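The number in this note's numbering is simply the position in the sequence shown, starting from 1, with 1276 added. Using N, Cα and C, we set each Cβ at its ideal position, and we do this for glycine too. No experiment lies behind these values; they were computed from the predicted model shown. In what follows, a single structure is set out as structure tokens and then discussed.
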Amino acid sequence: MKKPTSVTSNHKSLIYLFYTLIFLVICGLTYSLPWLSGKSLIWNIDGIAQHFPILAQFQGILQGTVHQSLAGWSWNLGAGGDQLTTFAYYVVGDPFSYLIALFPASKLELGFQLLVLLRLFCVGLAFLTWANRFSFSNHSKLIGTLVYTFSGYNFYVSMHHPFFLLPMIIFPLLATGIEIMLKQRNWIPFAISIGLALISNFYFAYILSIGALIYLITRSIQLKAESNRQRFDWLIIYRTGQAFISGLLLSGVVLVPTLVSVFQSSRSMHEGQFANGLLLYPLSYYLSIPNQLITTTTVKSFWLVVNVSGIVFLAIIYILVHFKTYKYLATVLSAIGIGMLLPQVSAIFNALSTPSNRWLLLAVLPLSLATMIFIDQIAELTNHDLLWLICSTVGLIIIVWITRGFTLKLPANDLLNYGCLLLLLLILVTAKATSLTPTKLVTATTGIILISLINGGQGWLSPNNSVNTTGEVATGAATKWLHNYYDGAEKSVKTDNSFYRTTTARNYYPHPTAGNNIPGFLGTHDLNSYYSIQNGHLYQFNQALGNAQSVANGPVGQGDNRTTLLNLLGVKYLFAKTDILNHPQSLPYGFSLMKNHQGKPLEFHNRVVHGLSNDSGTVILKSNFALPLAYLQEQTISKTSYDRLDPIQKEQSLLQGVQVNRPVTGIKNIKPSITIKNVKYSTKLYTQHIINSASKTVRYRLKHSPNANERQMATKKMTRANLIQAAKANNVHPRSKRLQSIIQQNNRIIDLNQYHNQSGLHLMTSDAQGRQLSYQLKIDQPQQFKNCELYLVINGVNITPDTIHDQLNKLTNRATISGQPVSRLQKLDQFRNAIRYPDLGAYTLSAQTKSSFNFYRQLPTSNLSDYSKRQNIVLNLGYSAKSRGGVVIRFTEVNALHLKKVKLVAVPFNTNKYQQHITKLQQQGLQQLSVKNDRITGLTNNSNQKAILTTSIPYSSGWQLKIDGKKTPTHLVNQGFIGATIPKGRHQIIINYVTPGLKIGQLLSIVGIIWLVGFTIIRFIYKPKNEIQS
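Dropping the structure here:
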């Protein structure tokens, strides 16, 4: 059996031609399906919230239609951020993104999708470049390229994260560079590939570096063994070092500032557990693996995306059967299989954070290599080989049958994948039995493989085969929404020539990630943003204040619409739905409707965007309490004093003084005096829907009866005789053991709640039917809390998850109450669902008053972006001038919540004291304030004492301060922002911004280019005599 060796092909160009033609055919039969169904390739989550608006901003920068450079500060990245390092994760290092400059702005959506297909095409070209370093047949190289290009990973990311295709291009280039370095002793191509990887995306560079290191070690050992050399070529270490250093130098202009930003980012400061605290994955994950190998429509938990063609499965078995012959490749494949089973491996590949299986993108190359080997050996398969292939295929199907709950209830598309696998086996067996000619064998197998790849693509992209396309934005909707996000209301705000920030009311869009970065494109200075790299100090500031909406990827959100938080951040305008005109809701204190010349609310009618708009118009509210971007504080709060305060006290204290980490000589240090009211309440469990008596059982069945008269009867008062008659009619047996058991269980639940919740809300449970119960926190003396912003504060949360046993019991209980029989098959289906969709600790806790609704979402352990197990929750229930009788608390999903302490807190806002604090700080704002992208200037008041310059500019070492032309150090204030000590008197303030690390990075890149060019010239002149020719 042949092993891959280094040989030059005579017909390489022909392979590229065939690849191009087949690529067009497969794309035509797969990627045309979303278009035919009226869908784009823009995902309605990250696609429309991140990728599309970012590309729109990038296009504007490249075409010069926006007043923003690529390197520098932007006030349109949430509260403000570095343009280069924020976009470095998405577009800066992606060469394909620069091609968007060739498209007019009106064709942005078309450009977005064409670039997806161009990247995918280049994935195959990169693999062919690597495959051509070996002596495989043209046929096997073509099949390997198609398998690599149209793998499940590529289909998945092309629909969700298009720039994730970049590592699929770069990894074969890195492997090619390694091959050239090992065989021809030329490290320069490897260095260029390293530079490209480091520039493209620091996160993928990390994953690719591990993959490249494994490839380098494996191939070095293999080539040494095959050459029978006794001594190791230690110069490999020198060449690798040269390549690595050169790549680092080349990438410096992007890599250095990006790394500086990453180490100060929210992800670095986020206190997450390694691998989300998992020792093993949930059972459902392991049970999903067998069916995920060659199908496309199973759940992709923990980013487990394998989904390769049936030919790849056969190739894996062949390589493992011939372990001694292909021991290096077989070892790698075995390690991949083991790595898939351990969350710790995924967490290591995912930068020591969450257990994401994105690293499996590296597995596609060795799988494609195994496929090329297998294709070249098809004609020489022995009976022993065929027996292994047949047994393995049958074994796979049996395992899938078992792990699917002893059923093969699969979508037709998945069944066709298994059909293709069986058909391939049939052809191989027939070829062996009938001595089929090589030409016919190649034609038959190629045809089946192509059908399998097309079917796999249609499994991802066809609305007839998958629900994936339902998650894509309708054609044309993304472009329309990009310009109509606020229904045109942003134009009225832009007439304000002063610096301001904006946000949206909590329910402006129901989806939590809806269009997070679109406001950045529209230039409204919206607080909300969602980027992978966010300012870590801004994140810590929000975490300290207990902002319930704050996550690593979006540190501020809407500020939970908290009055003082919005004022501290300088929010002057708030966009809300027109629904508030007819259905008033709680809004931050001090915000009032903007009105037109007729004195009526300025209303912008809904601009309908299919599947995206909020089905309402827009109104704008304006506040006069927003603090300026920079102002002076004459009092400080020490870190020790600040840390002793609870989140709401911290928020209010920042109006009295500025928090500093070290004492400042000449400035008074205070212990803030804060007016906050603790609200006494009593806990009431809503018991009217709990079935804790036979009469309630009767009413329940009447209420859910198909008979209209019986449903009407359930709403009326019933006598004992009526109840007995209805019980007989609805087959209710009050003394049945099963019903009595449920009634007793529900009564115990009521008693348990009353016992635990005597001194506050401590327990929230479900009833015997599995329905989560609702609670009311009834406020004592509600008149005392008029004109207040109300908060629900929870400290210490633990859950009781739903077990499989719980779910089966609840199914039986529901059936008993409703009078419906439960078959053994229904119980079996419930058992399957309980295993397939386990309780992973996620829940939603909501709080509602007459005029407000707010909630907190605890993410499951399977969340790989923002998972954090929160023990402390602060929910803003809004400001109200009227009294509120109570708060209704609900929860979802888990079986029970155990709460250590729950309190209601009221912050009064109608007092003169609050307005005095705000007015004083506004008067101490910089005069003649001018805010540009990278430059802020202004004059201080003629103060009689030292003061602290306090800003809401997210802290970065890139900001440089000059006072009267003299450079002055800045420091961190309020845990998140730029501050500085200002001497008494009147002074000119200039704050300039330069991307940290950019100048060093530029210098390193220049050195890297000179370094690489110099070595290239030297190599050209002094070519090694003993170079191994490829």
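{"Item": "Keeping to the same chain, check which residues put their C-beta closer than 7 Å to that of LYS1993; ignore five residues upstream and five downstream.", "Value": "none"}
{"Item": "For the candidate residues ILE1946, ILE1673, PHE1328, whose alpha-carbon lies nearest to that of ILE1913?", "Value": "ILE1946"}
{"Item": "With distances taken Cα to Cα, identify the nearest neighbour of ALA1473 among GLN1460, LYS1459, TYR1491, LEU1450.", "Value": "LEU1450"}
{"Item": "Below 7 Å CB to CB, which residues in the same chain sit around LEU2135 once its five sequence neighbours on both sides are set aside?", "Value": "ALA2118, ASP2142, TYR2143"}
{"Item": "For the pair the region 1916-1931 and the region 2034-2047, tell me if three or more CB-CB distances fall below 8 Å.", "Value": "no"}
{"Item": "Are there three or more Cβ pairs, one per stretch, closer than 8 Å when the region 2216-2226 is compared with the region 2240-2256?", "Value": "yes"}
{"Item": "Specify whether the region 1505-1525 and the region 1334-1341 touch according to this definition: at least 3 beta carbon pairs, one from each stretch, less than 8 Å apart.", "Value": "no"}
{"Item": "Look up MET1616 in the DSSP assignment and say whether it is helix, strand or coil.", "Value": "coil"}
{"Item": "For the beta strand (DSSP E) containing HIS2174, name the first residue and the last one.", "Value": "2172-2184"}
{"Item": "Do the region 2248-2260 and the region 2215-2222 touch if we need at least three Cβ pairs shorter than 8 Å?", "Value": "yes"}
{"Item": "When you compare the CB positions of LEU1654 and VAL1423, do they come within less than 8 Å of one another, or not?", "Value": "The amino acid occupying residue 1654 in the given sequence is Ile; Leu does not appear at that position. No, the pair does not count as a contact, with Cβ atoms beyond the cut-off."}
{"Item": "Assign HIS1801 to buried or exposed, taking buried as 16 or more other Cβ atoms, counted over all protein chains shown, within 10 Å of its Cβ.", "Value": "buried"}
{"Item": "Looking only at C-alpha atoms, which of SER1503, LEU1525, ARG1507, LEU1628 sits nearest to ASN1552?", "Value": "LEU1628"}
{"Item": "Closest to ALA2157 by CA distance: which of VAL2178, ARG2146, VAL2164, LYS2126 is it?", "Value": "LYS2126"}
{"Item": "So LEU1908 and GLN1518 are in contact, right, with Cβ under 8 Å, and what is the actual spacing, rounded?", "Value": "The Cβ separation is near 54 Å, so there is no contact."}
{"Item": "Taking DSSP as the reference, what is the three-state secondary structure of PRO1877?", "Value": "strand"}
{"Item": "Decide if GLN1988 is buried, meaning its Cβ has at least 16 other Cβ atoms within 10 Å, or exposed.", "Value": "exposed"}
{"Item": "Using a Cβ-Cβ cut-off of 7 Å (strictly less than) and excluding sequence neighbours within five positions of PHE1294, which residues of its own chain qualify?", "Value": "LEU1418"}
{"Item": "Mark TYR1557 as exposed unless 16 or more other C-beta atoms lie within 10 angstroms of its C-beta, in which case mark it buried.", "Value": "buried"}
{"Item": "I'd like the list of long-range same chain contacts for PRO1877, defined as Cβ closer than 7 Å, with 5 residues on each side in sequence excluded.", "Value": "LEU1857, LEU1869, LYS1871, VAL1895"}
{"Item": "Can you list, in chain order, the residues of its chain whose CB lies under 7 Å from that of GLN1335, leaving out five sequence neighbours each side?", "Value": "ILE1376, ALA1377, ALA1381, LEU1384"}
{"Item": "Have a look at ALA1984 and VAL1974 and give me their C-alpha separation to the nearest angstrom.", "Value": "15 Å"}
{"Item": "Assign PRO1619 to one of two classes, buried (16 or more other C-beta atoms within 10 Å of its C-beta) or exposed (fewer than that).", "Value": "buried"}
{"Item": "Residues in its own chain within less than 6 Å of PHE2107 by CB, not counting five upstream and five downstream?", "Value": "none"}
{"Item": "At what residues does the beta strand (DSSP E) containing GLY1517 begin and finish?", "Value": "Unbroken run through GLY1517 is the alpha helix (DSSP H), 1511-1526; no beta strand (DSSP E)."}
{"Item": "So the beta strand (DSSP E) SER1868 belongs to, where does it begin and stop?", "Value": "1867-1869"}
{"Item": "Return the CA-CA distance between ASN1286 and PRO1714, expressed in angstroms with no decimal places.", "Value": "Because ASN1286 sits at a pLDDT of 48, beneath the cut-off of 50, its placement in the model cannot be relied upon, and the point is left open."}
{"Item": "When the Cα of THR1840 is compared with those of HIS2263, GLU1502, ALA2182, which residue comes out closest?", "Value": "ALA2182"}
{"Item": "For HIS1787 and PRO2077, what's the separation of their Cα atoms in angstroms?", "Value": "26 Å"}
{"Item": "What's the C-alpha gap between GLN2264 and LEU2153?", "Value": "42 Å"}
{"Item": "Is it buried or exposed for PHE1412, if we count other Cβ within 10 angstroms and need 16 for buried?", "Value": "buried"}
{"Item": "Can you tell me whether DSSP reads THR1284 as helix, strand or coil?", "Value": "Note on THR1284: pLDDT 43, under 50, position unreliable in the model; no value is reported."}
{"Item": "Around the C-beta of TYR2155, are 16 or more other C-beta atoms found within 10 angstroms, so that it is buried, or is it exposed?", "Value": "buried"}
{"Item": "So, using beta-carbon positions, are SER1427 and ILE1651 closer together than 8 Å?", "Value": "no"}
{"Item": "Taking 7 Å as the cut-off, does the CB of ASP1690 come closer than this to any heavy atom belonging to the ligand PLP?", "Value": "With respect to the ligand PLP, the structure offers nothing, as it holds no ligand at all."}
{"Item": "Could you check what DSSP says for MET1648 in three-state terms: helix, strand or coil?", "Value": "helix"}
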